[in-house]
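Peer 1:
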Amino acid sequence: MYSTELLEEARKIMFHMLTKVVEYGGSDLFISADFPPSIKHQGLMKPIGQQTLTADKTKLFAYSLMNEKQRQEFETELECNFAISVPNVSRFRINVFQQQLQVGMVIRTITAEIPNFDQLKLPESLKHVMMAKRGLVLVVGATGSGKSTSLAAMIDHRNENSAGHIITVEDPVEYVHKHKKSMITHREVGVDSHSWHNALKNTLRQAPDVILIGEIRDTETMEHAIAFAETGHLCLGTLHANNANQALDRIINFFPEERRNQLLMDLSSNMKAIISQRLVRTEDGRGRRAAIEILLNTPLIGDNILKGQFHELKEIMKKSRELGMQTFDQALYDLYNEGSISYEEALRNADSMNELRLQIKLKSTRQNLASPAENSGFSMVQEASQEKTEEAAPE
Numbered sequence: 000m001y002s003t004e005l006l007e008e009a010r011k012i013m014f015h016m017l018t019k020v021v022e023y024g025g026s027d028l029f030i031s032a033d034f035p036p037s038i039k040h041q042g043l044m045k046p047i048g049q050q051t052l053t054a055d056k057t058k059l060f061a062y063s064l065m066n067e068k069q070r071q072e073f074e075t076e077l078e079c080n081f082a083i084s085v086p087n088v089s090r091f092r093i094n095v096f097q098q099q100l101q102v103g104m105v106i107r108t109i110t111a112e113i114p115n116f117d118q119l120k121l122p123e124s125l126k127h128v129m130m131a132k133r134g135l136v137l138v139v140g141a142t143g144s145g146k147s148t149s150l151a152a153m154i155d156h157r158n159e160n161s162a163g164h165i166i167t168v169e170d171p172v173e174y175v176h177k178h179k180k181s182m183i184t185h186r187e188v189g190v191d192s193h194s195w196h197n198a199l200k201n202t203l204r205q206a207p208d209v210i211l212i213g214e215i216r217d218t219e220t221m222e223h224a225i226a227f228a229e230t231g232h233l234c235l236g237t238l239h240a241n242n243a244n245q246a247l248d249r250i251i252n253f254f255p256e257e258r259r260n261q262l263l264m265d266l267s268s269n270m271k272a273i274i275s276q277r278l279v280r281t282e283d284g285r286g287r288r289a290a291i292e293i294l295l296n297t298p299l300i301g302d303n304i305l306k307g308q309f310h311e312l313k314e315i316m317k318k319s320r321e322l323g324m325q326t327f328d329q330a331l332y333d334l335y336n337e338g339s340i341s342y343e344e345a346l347r348n349a350d351s352m353n354e355l356r357l358q359i360k361l362k363s364t365r366q367n368l369a370s371p372a373e374n375s376g377f378s379m380v381q382e383a384s385q386e387k388t389e390e391a392a393p394e
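So, in structure tokens, the structure goes:
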């Protein structure tokens with residue numbers, strides 16, 4: 000379809016654009032027909048120049064980054080996921096897809112340097128979670144909420160402080176860890192194993208201590224995750240959900256009704272933690288901080304999971320900070336109180352604006368920076384609208 004010379008020239012252009020993304024500090028590069036190549040930086044989209052791309056050019060750029068097997072997969076499935084490395088620049092995670100019969104591509108930067116707890120300012124209780132011998136740990140959040148980055152820091156902490164064998168099964172592999180106290184085995188689905196099923200089925204034969212499942216997408220993968228925890232391993236995985244309640248609901252919905260009671264029993268005894276994350280813009284506008292909700296399994300939490308009383312969990316988290324738990328609103332309060340985020344940004348990301356507003360008013364040592372609209376009661380109307388929308392939204 001394209002000559003080798005044309006593909007090579009397009010590849011050079013793509014490598015140049017990806018180098019600029021890293022230099023600019025961008026998180027994503029968007030390639031789409033009838034739109035200029037665009038970088039996402041701190042959550043905001045910014046075009047690179049004004050020239051729009053043609054449909055043929057976007058397809059050429061995408062094909063230049065794929066090998067022959069990936070091109071065949073794309074032509075069959077109309078989408079393809081893979082990772083590449085640009086020498087001396089960074090690794091990138093790529094999703095190629097079709098939209099309106101045209102090729103599109105989103106490329107995410109994978110930082111070569113493994114971030115640590117101090118750099119990300121993660122809660123100390125997560126260190127204890129990562130040093131556990133067994134259990135299921137889920138990191139949940141929306142796409143782009145920093146789940147992979149936090150998981151990389153957590154894996155690195157275990158790697159630095161405990162001898163053992165850590166296996167990651169991902170599609171594609173994002174962060175590449177070096178051997179430290181632990182031996183690290185990275186397995187990429189489609190490269191090192193033909194399927195998720197094959198990779199996970201054979202994982203226990205590789206004598207792991209810690210198993211990372213890149214994303215739990217279906218019933219079979221969830222079954223493997225629970226089985227790994229049941230057999231005495233620490234299993235970590237990501238799930239698309241907004242909080243602990245939604246994560247548990249989604250797990251339940253993976254399985255038929257007749258398996259519900261056994262599933263609740265398995266979760267109550269094997270769940271170690273559910274870590275929910277959102278990225279919040281800092282007050283100086285130079286970056287983002289993670290607001291993290293932490294649910295840890297205690298006898299009380301386990302009993303509520305066993306009974307399916309997920310709606311009780313947030314109140315228990317709120318009252319269990321001394322055990323290392325916290326809600327999103329408590330995390331946002333801490334970020335506001337330490338001066339990391341603005342009052343408006345804290346309320347914008349709150350689960351309950353009224354509750355967080357009251358907490359700041361009664362307890363915060365910072366000056367209340369509410370805007371005139373906030374003081375006039377505008378945000379009360381905004382919150383009421385938000386709560387109605389959340390009630391109407393499907394789980």
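According to numbering that gives the first Met the number 0, the sequence shown holds residues 0 to 394 in order. Quick reminder that beta carbons are idealized off the backbone N, C-alpha and C, glycines included.
By the DSSP assignment, the beta strand (DSSP E) with I106 in it spans what residues?
Peer 2: Position 107 of the sequence shown, counting from 1, holds the residue named residue 106. Residues 101 to 109.
Peer 1: Please classify Y23 as buried or exposed, where buried requires at least 16 neighbouring CB atoms within 10 angstroms.
Peer 2: In the sequence shown, counting from the first residue as 1, residue 23 sits at position 24. The residue in question, Y23, is exposed, as its Cβ has fewer than 16 Cβ neighbours within 10 Å.
Peer 1: What is the DSSP secondary structure of G24, counted as helix, strand or coil?
Peer 2: Walking along the sequence shown from the start, residue 24 turns up at place 25. Three-state DSSP puts G24 in coil, outside helix and strand.
Peer 1: With a CB to CB cut of under 6 Å and the five nearest residues on each side skipped, what residues in its chain are close to I183?
Peer 2: Stepping through the sequence shown from its first residue, residue 183 is reached at position 184. Its chain contains I165, H176 as the residues whose beta carbon lies nearer than 6 Å to that of I183, once the 5 sequence neighbours on both sides are disregarded; these appear in chain order.
Peer 1: Can you grab the Cα-Cα spacing for the pair D27 / I304, in whole Å?
Peer 2: Position 28 of the sequence shown, counted from the first residue, corresponds to residue 27. Position 305 of the sequence shown, counted from the first residue, corresponds to residue 304. Rounded to whole angstroms, D27 to I304 spans 37 Å at the Cα level.
Peer 1: Closer than 7 Å by C-beta to N348: which residues in its own chain qualify, once you throw out the five before and the five after it? Chain order, please.
Peer 2: Residue numbering aside, residue 348 sits at position 349 when the sequence shown is read from its first letter. The answer, listed in chain order, is R277, V279, A290, L331.
Peer 1: Is the separation between the beta-carbon of L64 and that of M104 shorter than 9 Å?
Peer 2: Your numbering for residue 64 matches position 65 in the sequence shown. Your numbering for residue 104 matches position 105 in the sequence shown. Their beta carbons are under 9 Å apart, which means L64 touches M104 by this criterion.
Peer 1: Would you mind working out which of Y335, R90, Q329 sits nearest E354, comparing C-alpha positions?
Peer 2: As a first step, residue 354 is located in the sequence shown; it is residue number 355 there, counting from the start. Of the listed residues, the one whose Cα sits closest to E354 is Q329.
Peer 1: By the 10 Å Cβ neighbour count, where 16 or more other Cβ atoms means buried, how is L59 classified, buried or exposed?
Peer 2: For this step, residue 59 is matched to residue 60 along the sequence shown. Burial call: buried.
Peer 1: Mark K271 as exposed unless 16 or more other C-beta atoms lie within 10 angstroms of its C-beta, in which case mark it buried.
Peer 2: Here residue 271 corresponds to residue number 272 of the sequence shown, with the count starting at 1. Buried, by the Cβ-count rule.
Peer 1: Pull up the distance between the alpha-carbon of Q41 and that of F254, whole angstroms please.
Peer 2: Stepping through the sequence shown from its first residue, residue 41 is reached at position 42. Stepping through the sequence shown from its first residue, residue 254 is reached at position 255. If you take the alpha carbons of Q41 and F254, they lie about 37 Å apart.
Peer 1: Under the assumption that A228 contacts I212 (Cβ atoms under 8 Å), give the Cβ distance between them as a whole number of angstroms.
Peer 2: Position 229 of the sequence shown, counted from the start, is the residue given in the question as residue 228. Position 213 of the sequence shown, counted from the start, is the residue given in the question as residue 212. No, A228 and I212 are not in contact; Cβ-Cβ is about 11 Å, not under 8 Å.
Peer 1: Is the beta carbon of A246 sitting closer than 9 Å to the one on L137?
Peer 2: Walking along the sequence shown from the start, residue 246 turns up at place 247. Walking along the sequence shown from the start, residue 137 turns up at place 138. Yes, Cβ-Cβ distance for A246 and L137 is below 9 Å.
Peer 1: At the level of alpha carbons, what is the spacing between P171 and A151?
Peer 2: Translated into the one-based positions of the sequence shown, residue 171 becomes position 172. Translated into the one-based positions of the sequence shown, residue 151 becomes position 152. Spanning the two alpha carbons is a distance of roughly 14 Å.
Peer 1: In chain order, which continuous runs of the beta strand (DSSP E) of length 3 or greater are located wholly inside the stretch 40 to 105?
Peer 2: 43 to 46, 78 to 85, 89 to 98
Peer 1: I'd like the ranges of any beta strand (DSSP E) spanning at least 3 consecutive residues and lying wholly in the stretch 197 to 242.
Peer 2: 209 to 212, 233 to 238
Peer 1: Going residue by residue through the stretch 119 to 171, where are the continuous alpha helix (DSSP H) segments of at least 4 residues, counting only ones entirely within it?
Peer 2: 124 to 129, 146 to 160
Peer 1: Nearer than 8 Å: is that true of the beta carbon of E173 relative to any heavy atom of the ligand HEM?
Peer 2: No copy of the ligand HEM occurs in the structure displayed, which carries no ligand at all.
Peer 1: Enumerate in chain order the residues of its own chain whose CB-to-CB distance from T18 is below 8 Å, with the five nearest sequence positions on each side excluded.
Peer 2: Taking the first residue of the sequence shown as position 1, residue 18 is located at position 19. Taken in chain order, the residues that qualify are V85, V88.
Peer 1: How should T51 be labelled, buried or exposed, when 16 other C-beta atoms within 10 angstroms of its C-beta is the threshold for buried?
Peer 2: The residue labelled residue 51 in the question sits at position 52 within the sequence shown. Classification of T51: exposed, given that the 10 Å Cβ count is below 16.
Peer 1: Closest by CA to I47, which one among L263, M13, E74?
Peer 2: In the sequence shown, residue 47 corresponds to position 48, counting from 1. With distances taken between Cα atoms, I47 lies closest to M13.
Peer 1: Just to confirm before moving on: does the CB-CB distance between V95 and N80 stay below 9 Å?
Peer 2: The residue labelled residue 95 in the question sits at position 96 within the sequence shown. The residue labelled residue 80 in the question sits at position 81 within the sequence shown. The answer is yes: Cβ separation under 9 Å.
Peer 1: Assign A372 to buried or exposed, taking buried as 16 or more other Cβ atoms, counted over all protein chains shown, within 10 Å of its Cβ.
Peer 2: Counting from one through the sequence shown, the residue named residue 372 turns up at place 373. Confidence is the limiting factor: at A372 the pLDDT is only 44, short of 50, which leaves the residue's position unreliable, though a coordinate-based value still follows. A372 is exposed by the Cβ-count criterion.
Peer 1: Would you call S370 buried or exposed, if buried means 16 or more other Cβ atoms sit within 10 Å of its Cβ?
Peer 2: Sequence index remark: in the sequence shown, residue 370 carries index 371 (1-based). At S370, the pLDDT of 46 sits below 50, so the modelled position is not reliable; the number obtained from the coordinates is stated separately. S370 is classed as exposed because its beta carbon has fewer than 16 other beta carbons within 10 Å across all chains shown.
Peer 1: H15 by DSSP, collapsed to three states: which one?
Peer 2: As a first step, residue 15 is located in the sequence shown; it is residue number 16 there, counting from the start. Note: H15 maps to helix in three-state DSSP.
Peer 1: Mind checking which residues open and close the alpha helix (DSSP H) that includes E343?
Peer 2: Locating residue 343 in the sequence shown gives position 344, counting from the first residue. Residue range 342 to 347 is occupied by the alpha helix (DSSP H) that includes E343.
Peer 1: By a C-beta neighbour count over all protein chains shown, 10 Å radius and 16 as the cutoff for buried, is K146 buried or exposed?
Peer 2: The residue you call residue 146 lines up with position 147 of the sequence shown. Buried, because 16 or more other Cβ atoms sit within 10 Å of the Cβ of K146.
Peer 1: Once DSSP output is grouped into helix, strand and coil, what is the label at E373?
Peer 2: For this step, residue 373 is matched to residue 374 along the sequence shown. The predicted position of E373 is uncertain, since its pLDDT is 47 and thus under 50; no value can be drawn from it.
Peer 1: Give every residue of the same chain whose Cβ lies closer than 6 Å to the Cβ of F309, excluding the five residues on either side of it in the sequence, and list them in chain order.
Peer 2: Here residue 309 refers to the residue found at position 310 when the sequence shown is read from its first residue. The answer, listed in chain order, is N244, L247.
Peer 1: Taking all protein chains shown into account, do 16 or more other C-beta atoms lie within 10 angstroms of the C-beta of R320, making it buried, or fewer, making it exposed?
Peer 2: Along the sequence shown, one-based indexing puts residue 320 at 321. Per the 10 Å Cβ criterion, exposed.
Peer 1: Taking 8 Å as the threshold, find out whether the stretch 290 to 302 comes into contact with the stretch 256 to 271 through three or more Cβ pairs.
Peer 2: yes
Peer 1: Where does H413 sit, in a helix, a strand or coil, going by DSSP?
Peer 2: With the chain represented from 0 up to 394, any question about residue 413 goes unanswered, as that position is not in the structure.
Peer 1: Is H310 helix, strand or coil by DSSP?
Peer 2: To locate residue 310, count along the sequence shown from 1; it is residue 311. H310 falls in the helix class under three-state DSSP.
Peer 1: Can you find the residues in the same chain that come closer than 6 Å, C-beta to C-beta, to S37, ignoring five residues on each side of it along the sequence?
Peer 2: Locating residue 37 in the sequence shown gives position 38, where the first residue counts as 1. F29, M44, P46.
Peer 1: Do you know whose CA, among S124, L121, E78, lies nearest Q102's CA?
Peer 2: Within the sequence shown, the letter at position 103 stands for residue 102. Sequence check: residue 102 is Val here, not Gln. Comparing Cα positions, the closest option is E78.
Peer 1: Just confirm the distance between the C-beta atoms of A82 and T57, as a whole number of angstroms; I'd bet it's less than 8 Å.
Peer 2: Position 83 of the sequence shown, counted from the start, is the residue given in the question as residue 82. Position 58 of the sequence shown, counted from the start, is the residue given in the question as residue 57. The pair is not a contact, with the Cβ atoms about 20 Å apart (cut-off 8 Å).
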